[in-house]
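In full-length UniProt numbering, the protein residues as written are 1 to 797.
First up is the structure itself, then whatever we jot down about it.
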Ligand code: ADP
């Protein structure tokens with residue numbers, strides 16, 4: 001080793017390093033951007049280590065300071081812009097010694113590592129060895145005692161970046177939903193060919209030890225058969241697979257056959273099940289014209305989807321907070337997510353659990369491997385099995401327990417309505433219930449009832465619902481009308497069709513409809529049945545949930561729109577786009593899209609717009625363009641919710657900016673309108689539709705055999721399913737603690753308290769438009785050039 005020639009002065013500001021390691025994943029750039037900006041915002045300096053641990057070992061130019069502007073536009077870039085590598089030297093102590101020396105010479109004592117379980121294990125080893133690495137460096141004369149003194153503790157925080165979603169302890173890893181999107185796009189594309197030619201397709205997806213991508217893509221595309229490493233098929237699977245596919249094709253008339261296989265799929269004796277083997281079986285035994293598609297590296301590429309941008313940004317911010325709060329005693333944390341809650345978990349616990357799953361698979365203890373997987377994964381697997389085909393005689397309930405379950409869509413169309421309905425139908429058929437679709441909402445139900453059933457209320461067949469798996473909008477039709485328009489008629493129809501339960505998919509109107517039916521139970525016995533709402537609306541404004549189906553589809557559509565429109569400014573530069581989002585009186589979509597595209601400002605109804613705000617933002621933009629010095633080729637984005645202000649419309653805001661910019665930059669208004677409802681539902685909306693719909697069906701089923709009064713007396717018999725923090729729960733509509741009373745702002749048609757409001761602060765922090773508020777409640781935007789001197793944070797522990 002070279003002796004250190006440079007005398008090391010501890011830097012004035014704390015330095016936080018960030019590196020990406022292992023396989024690259026979409027979203028890694030978003031994480032680096034968030035770490036860099038949050039570090040600067042917290043009065044620290046940010047350093048990127050290029051090419052993963054390779055850069056840490058080699059030092060020199062591979063460890064460089066990154067400034068605020070350096071990470072502009074990174075949210076929409078695929079791969080990792082600071083590079084990643086597999087580094088053998090870092091596996092050796094000698095390599096880690098060099099890395100430690102480089103860090104001390106740079107004055108860096110904190111590191112955010114974004115990678116898979118290998119990279120994070122390396123980080124943990126590095127932290128554990130750190131004190132001894134420093135004393136060895138001193139003993140060897142590489143560094144002096146004074147030089148290492150300020151850096152006695154190495155702070156490390158892990159972020160999981162991996163397309164496989166193979167880390168235990170977190171629902172999702174940065175990159176996995178983007179990769180799933182790529183896979184679903186590819187499978188959606190072969191759907192048409194498969195249908196046209198009545199072909200079979202065997203599609204191989206990534207995942208050596210983890211079947212998450214395979215399982216989720218099977219759910220999202222309604223695959224006929226699935227192979228994952230954790231749950232190898234029983235011996236004789238070849239016959240079973242062929243018989244199932246034959247039934248689906250011959251008896252039920254399905255024209256296309258899709259089989260999804262994870263690259264690590266194997267049988268119970270650990271023999272590989274390859275895509276070509278499956279193809280041969282289908283071709284030879286069934287004479288089915290079958291093609292194989294191995295998706296390979298396309299699964300890694302491309303820009304991050306909305307969820308990965310959101311996740312990587314919030315986790316990057318959390319990583320910096322965790323670094324600043326770490327004590328010498330605290331174990332290295334990894335930032336995780338459970339449902340909608342960003343959390344910290346001891347890194348080595350998560351890594352150990354991940355390794356244990358792999359070991360269980362390798363020792364053929366498949367049930368144990370499945371048990372060690374996250375509860376969510378098992379639930380999805382179970383839900384897939386329950387909906388892949390109706391052919392499960394074992395799962396049928398006895399005659400007396402079967403129900404007639406009505407399904408209705410209420411409100412505006414949203415991505416995920418069709419997949420949710422398909423899942424509910426498939427589950428009903430699997431269990432022996434009768435699924436009844438009500439076409440075109442409540443008007444469709446009461447239309448010409450006159451005591452005679454009509455065609456807009458009818459039983460759904462499996463094949464008809466199967467194609468809804470990836471279709472946007474609402475196939476059975478949705479309508480905003482409420483039951484109060486004709487309560488007598490609705491009650492009469494409930495009796496006429498003998499509904500035992502009602503499953504309502506939709507937004508705020510769906511919520512209102514069920515509230516009305518619940519309140520009318522006093523008058524009508526017909527409504528004393530389970531009445532369950534599955535929220536589906538792009539506005540995400542239904543009380544009782546932090547997530548509505550369709551909102552993810554809408555966000556993805558919006559970010560595609562914003563990315564494209566921003567790119568359009570690359571020739572003219574210096575352009576601000578004021579983009580109007582939907583969302584009614586809820587600013588959720590605008591704020592989350594703002595986070596995902598890196599908007600400079602977001603205007604929402606919850607805050608309104610006023611002249612001081614606009615004036616400060618125009619100053620902020622002016623300053624921003626000056627600091628860019630034309631280096632940034634893309635335009636800037638302001639998102640304005642459609643109801644943010646009656647006076648300052650999107651066009652007015654754009655015109656005011658243009659006027660005040662005095663020729664220094666331009667401004668344009670853009671309104672994507674109904675485009676935001678999206679085409680095909682996003683994979684996240686598809687998989688969550690399935691999981692939530694099945695949970696609703698199970699909940700409904702739990703009332704089977706109960707008297708009407710017993711049902712009406714149970715508050716959870718009229719309920720909303722929703723994500724609340726780290727859980728998925730049913731919340732009762734009525735009663736003292738029910739949603740109607742406690743959580744609903746009926747006038748503004750949104751929940752009284754909106755969990756996402758704090759995201760506004762993150763948007764403002766990361767755009768440089770600070771989120772600190774003065775006593776009058778105004779935003780007080782710092783001059784971005786002063787950002788580096790805001791609140792001081794404790795220096796090294
Ligand atoms: P992933 O992070 O995607 O699981 P790898 O397992 O290839 O990918 O790990 C990436 C890098 O992390 C390795 O090239 C190596 O530099 C480092 N690394 C992995 N495991 C260890 C370990 N046990 N000790 C030290 N470094 C490790």
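No residue lacks a Cβ here, since even glycine has one placed at the ideal position from N, Cα and C.
Ranked by how close their Cα comes to the Cα of residue 422, the residues 231, 467, 166 and 299 have 467 in first place. Our two residues, residue 155 and residue 78, have alpha carbons roughly 28 angstroms apart in a direct line.
Given a length threshold of 4 residues, each whole run of the alpha helix (DSSP H) inside the region 540 to 607 is given here in chain order: 551 to 567 and 588 to 597. Buried is the label assigned to residue 470, since at least 16 other Cβ atoms lie within 10 Å of its Cβ. Residue 441 sits in a helix when the DSSP states are folded into three classes. When 443, 116, 559 and 501 are compared, the shortest CA-CA separation from residue 424 is found for 501. Assignment of residue 242 by DSSP, reduced to helix, strand and coil, places it in the helix class. The beta carbon of residue 50 sits no closer than 7 angstroms to any heavy atom of the ligand ADP. Cβ atoms of residue 494 and residue 526 come within 8 angstroms of each other, at about 4 angstroms. Remark: fewer than three beta-carbon pairs, one from each stretch, lie closer than 8 angstroms, so the region 233 to 245 and the region 290 to 299 are not flagged as touching.
A Cβ-Cβ distance of about 18 angstroms is found for the pair residue 539 and residue 481, leaving them out of contact under the 8 angstroms criterion. By the 16-neighbour rule on beta-carbons within 10 angstroms, residue 549 is buried. The alpha-carbon of residue 366 is positioned some 13 angstroms away from that of residue 227.
For residue 194, the CB contacts under 8 angstroms within the same chain, skipping 5 residues up- and downstream, are 200, 201, 255, 256, 257 and 258 in chain order.
When only Cα atoms are considered, residue 94 and residue 418 end up about 57 angstroms apart.
Under the DSSP assignment, residue 109 falls in the beta strand (DSSP E) whose first and last residues are 108 to 115. If you draw a straight line from the Cα of residue 18 to the Cα of residue 104, it comes to about 15 angstroms. DSSP assignment within the region 108 to 196 yields the following whole beta strand (DSSP E) runs of 3 residues or more, N-terminal first: 108 to 115 and 155 to 160.
Residue pairing for residue 731: DSSP places it in a beta bridge opposite 720. Short of 6 angstroms from the beta carbon of residue 428, and not among the five residues preceding or following it, lie these beta carbons of its own chain, in chain order: 405 and 435. The closest heavy atom of the ligand ADP lies less than 7 angstroms from the beta carbon of residue 117. Restricting attention to 479, 655, 327 and 328, the CA atom closest to the CA of residue 575 is found in 655. In this structure, the ligand ADP has no non-hydrogen atom nearer than 7 angstroms to the beta-carbon of residue 176. In this structure residue 529 is not in contact with residue 407, their Cβ atoms being roughly 13 angstroms apart against a cut-off of 8 angstroms. Judged by DSSP secondary structure, residue 202 falls outside any alpha helix (DSSP H) and instead within the beta strand (DSSP E) spanning 200 to 205. Cβ contact annotation for residue 126 (same chain, cutoff 6 angstroms, sequence separation greater than five): 96, in chain order.
Assigned with DSSP and collapsed to three states, residue 672 falls in coil, not helix or strand. Here the region 642 to 660 makes contact with the region 605 to 621; the two share three or more CB pairs at distances below 8 angstroms. In this chain, the beta strand (DSSP E) harbouring residue 260 covers 257 to 262. The region 298 to 316 and the region 18 to 28 touch, with no fewer than 3 CB-CB distances between them shorter than 8 angstroms.
For residue 343, the enclosing beta strand (DSSP E) covers residues 341 to 346.
Here the alpha carbon of residue 44 sits roughly 5 angstroms from the alpha carbon of residue 13. Inter-segment contact for the region 751 to 761 and the region 551 to 566 is absent: fewer than three beta-carbon pairs are separated by less than 8 angstroms. Rounded to the nearest angstrom, the Cβ distance from residue 344 to residue 171 is 14 angstroms, too far for a contact under 8 angstroms.
Between residue 76 and residue 20, the C-beta spacing is not below 8 angstroms.
When C-beta atoms of the region 354 to 363 are compared with those of the region 180 to 197, fewer than three pairs fall below 8 angstroms, so the two segments do not count as touching.
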